[in-house]
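Enquirer:
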Amino acid sequence: MKKILLTAATLVLAGAAPLAAQAPHLGFGLNLAIPTGDFSSKTYGDGTRDTYDAALGLQLMASFPVDKNFAFRVDINGMNFQGNSDYPGYPRFNLQNSMFSLAGEAQIFLGDGNALRHTGGYLIGGLSADFERFTGSYDDPAYYPDVTLNKTRMGLVVGYGYSFRYVGRWRWNVEGVYHKTLTGNDTNAGDPPSSDYFRVGFGMIF
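According to mature numbering (1 follows the signal peptide of the UniProt record, and there is no 0), the stretch in the sequence shown is residues -23 to -1, 1 to 183, in order.
1. Check each candidate in F5, I101 and A31 and name the one with the smallest Cα separation from D173.
2. Just tell me which of N61, F183 and F111 has its CA closest to the CA of V144.
3. For the beta strand (DSSP E) containing S114, list its first residue and its last residue.
4. State the start and end residues of the unbroken beta strand (DSSP E) segment that holds F86.
5. Where G167 and V124 are concerned, what is the direct C-alpha to C-alpha distance, given to the nearest angstrom?
6. Name the two residues that bound the continuous alpha helix (DSSP H) containing G180.
7. I need the boundaries of the beta strand (DSSP E) containing S17, first residue and last residue.
8. Kindly indicate the opening and closing residues of the beta strand (DSSP E) around K45.
9. Under the three-state reduction of DSSP, which class applies to residue 186: helix, strand or coil?
10. Report the CB separation of F86 from N46 in whole angstroms; it is logged as a contact under 8 Å.
11. Count Cβ pairs between the region 35 to 54 and the region 76 to 83 that sit closer than 8 Å; are there 3 or more?
12. Using beta-carbon positions only, say whether G113 and Y99 come within less than 8 Å of one another.
13. Return the CA-CA distance between R26 and W149, expressed in angstroms with no decimal places.
14. By the 10 Å Cβ neighbour count, where 16 or more other Cβ atoms means buried, how is T164 classified, buried or exposed?
15. Quick one, which of S140, N162 and S171 has its alpha-carbon nearest F5's?
16. Could you confirm whether any beta carbon from chain B is found closer than 8 Å to the beta carbon of G88?
17. In the DSSP assignment, find the beta strand (DSSP E) that holds L133 and state where it starts and stops.
18. Nearest to Y64 by alpha carbon, out of V43, G24 and L37?
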């Protein structure tokens, strides 16, 4: 599965290359990711309860317009979720999920939106290759992990964004995106729960 997802990520980048002549729009942003579902809180049969908190992350993007209403986007983002695992009668166990995602997405610009100028509202939909590192420790899991698990999984990305321009060549950009893990999430087989979250982002497009 890891080999398949790595190949998919390579194809995402390769697919963007022929569109480079369409004056791509580059951008960056700051994200706030809020865990949902079992990623936010999950209680197991033995009474163990795992929770993860909201995380800040960085985003880099390149939007390749195909026509006025459609663009293909390569989206790179990373974030670091902190959490805890509590079991009755035992000290709290600290959790961390370091997540790096590479996504290939379609952007459909609505109404007066313009993909060539990257202005107005647009829908987002695509797939991501998620490279995750789960660590846990009674100390700091970032530096002294007692448990480490590396996972490569595929995710679904859907959302809505809006770009607006006041002065100059740059545009301000806001997005609301939902991420859903599609593979490698069978908890009965020992996989960690899906890393599902809602992401709010704010940034600039050039």
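Ideal Cβ positions, reconstructed from N, Cα and C, are used throughout, including at glycine.
Expert: On the basis of the supplied data:
1. A31
2. F183
3. G97 to S114
4. F70 to F86
5. 14 Å
6. That residue, G180, is in no alpha helix (DSSP H); its beta strand (DSSP E) goes Y174 to I182.
7. Not the beta strand (DSSP E): S17 falls in the alpha helix (DSSP H), residues G14 to S17.
8. Unbroken run through K45: none, as it is neither H nor E.
9. A query on residue 186 cannot be resolved here, the shown segment of the chain reaching from -23 to 183 and no further.
10. 5 Å
11. yes
12. no
13. 40 Å
14. exposed
15. S140
16. Here chain B cannot be found, since the structure has a single protein chain.
17. V124 to F141
18. G24
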